[in-house]
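Residue -5 is where the sequence shown starts when you use our numbering, and the numbers rise one by one after that. Even glycine gets a Cβ: it sits at the ideal position worked out from N, Cα and C. Here the structure is laid out as structure tokens; the discussion comes afterwards.
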Amino acid sequence: MKDLFSSNSELYSLARPSYPIEVVQELLNLVPEPHFAWDCAAGSGQFTQLLAPYFDQVVATDLSEQQLKQAPYFENVSYQVQAAESTTFADQSFDLISVAQAVHWFDFDRFYKEVYRTLKPEGYLAIIGYGLIHVEQAELSELIHELYFQTLKGYWDPERHYVDEMYQTIPFPFDEISVPKMRMQYQWSKDQLINYLNTWSALKHYREKNQDNALVKIQQYLDNEPALICVEFPILFRVGKLKAKSKKGFLRKKR
């Protein structure tokens, strides 16, 4: 798994959108006994904090200690620096394993072996994320698309295509559960929007090789806009159970 966000961990925790509680409620409808959850690649705890009130215990892991330091404190949450693909957890530990806006960075085969090892037979894996930001203003939308598809072309890590494809093309060796389509909607200040764009990994890569301000057109446009901007994100949401086969059989198939 790549660590692209340690150097910007405080901004990431402040600027990234929070998931709606409806996502957790959908999972609680499935999980029979919400005892123990693993929030994998938890970052600064955007999704962890939604799980904490509903599970007896939550362990939240990430490669970045700096990110985890930004996460909120809960008595029933343990934050640990561990890689998604290799953990110290016992076999069949978890009722739920969640990954929010991170699975595209993983070594899929190794992570899924870890899921098959640590998930309880009746547990669930939830892959969650969000797609490209949408705004109502046509001109601002065009500027964001220009930034995403033209200015930053070649600066996105190759794994980003899984997000563009709405997580529908990731490997998913599980019995998939149908879940409803959802969206996140917010009213953001101009600063919130700029701060969010500044968390894009491709913008970080761009600035390492260029001196110009890639956000200048958007900033100039926002100077003449109202105080609040309506923004929307499509939620990427896939849920699965272990296939009805032995762990040994799954591992043999993946070799």
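Exercise. From Leu57 to Val93, what does the alpha carbon distance come to, in whole angstroms?
Worked result: For the purposes of this step, residue 57 is identified with residue 63 of the sequence shown, where counting begins at 1. For the purposes of this step, residue 93 is identified with residue 99 of the sequence shown, where counting begins at 1. Rounded to the nearest angstrom, the two C-alpha atoms are 13 Å apart.
Exercise. With 16 as the cutoff for other CB atoms within 10 Å, does Gly39 come out buried or exposed?
Worked result: Counting from 1 along the sequence shown, the entry for residue 39 is found at position 45. Result: buried.
For this session: Entirely within the region 132 to 204 and at least 3 residues each: give me those beta strand (DSSP E) ranges in chain order.
Result: Counting only runs of 3 or more, we get 169 to 171 and 177 to 183.
For this session: Just grab the DSSP bridge partners of Pro47 for me.
Result: The residue you call residue 47 lines up with position 53 of the sequence shown. Answer is none; Pro47 lacks a bridge partner.
For this session: Please classify Gln214: does DSSP put it in a helix, a strand, or coil?
Result: Residue mapping note: residue 214 aligns to position 220 of the sequence shown, counting from 1. Residue state, collapsed to three classes: helix.
For this session: For my contact list, Trp32 and Ile127 are in at a C-beta cut-off of 8 Å; report their separation, rounded to the angstrom.
Result: Stepping through the sequence shown from its first residue, residue 32 is reached at position 38. Stepping through the sequence shown from its first residue, residue 127 is reached at position 133. That pair is no contact at about 28 Å.
Exercise. Where do the ends of the beta strand (DSSP E) carrying Leu230 lie?
Worked result: For the purposes of this step, residue 230 is identified with residue 236 of the sequence shown, where counting begins at 1. Counting along the chain, the beta strand (DSSP E) containing Leu230 begins and ends at Leu222 to Lys235.
Problem set entry | Chain-order list of residues whose beta-carbon lies under 7 Å from that of Val71 (same chain, five-residue window excluded) | The count along the sequence shown starts at 1 and reaches residue 71 at position 77. Counting only Cβ-Cβ distances below 7 Å, and skipping sequence neighbours, we find Thr42, Ala46, Val52 and Ala54.
For this session: Label Val18 either buried or exposed according to how many other C-beta atoms from any shown protein chain fall within 10 Å of its C-beta, with 16 as the threshold for buried.
Result: Start at 1 with the first residue of the sequence shown, and residue 18 comes out as number 24. Buried is the call here.
Exercise. Who are the Cβ neighbours of Glu79 in its own chain at under 7 Å, not counting the five residues just before and after it?
Worked result: Position 85 of the sequence shown, counting from 1, holds the residue named residue 79. So the qualifying residues of the chain are Met(-5), Phe100, Asp101, Arg104, Phe105 and Glu108.
For this session: For Tyr180, collect the residues of the same chain with a Cβ closer than 6 Å to its Cβ; drop the 5 residues on either side in sequence, then sort them by chain order.
Result: Taking the sequence shown and counting its residues from 1, one reaches residue 180 at position 186. Once the five neighbours on either side are set aside, the close Cβ partners of Tyr180 are Val225.
Exercise. Going straight from the alpha carbon of Ser172 to that of Lys235, what length do you get?
Worked result: Within the sequence shown, numbered from 1, the residue matching residue 172 stands at position 178. Within the sequence shown, numbered from 1, the residue matching residue 235 stands at position 241. Spanning the two alpha carbons is a distance of roughly 11 Å.
For this session: Please list, in chain order, all residues of the same chain as Thr112 whose beta carbon is under 8 Å from its beta carbon, the five residues on each side excluded.
Result: Residue mapping note: residue 112 aligns to position 118 of the sequence shown, counting from 1. Closer than 8 Å at Cβ, skipping near neighbours: Trp32, Thr81, Phe83, Ala84, Asp85, Gln86, Ser87, Phe88 and Ile91.
Exercise. Asn23 to Asn204, Cα distance in whole Å?
Worked result: Along the sequence shown, one-based indexing puts residue 23 at 29. Along the sequence shown, one-based indexing puts residue 204 at 210. Rounded to whole angstroms, the gap between the alpha carbons of Asn23 and Asn204 is 48 Å.
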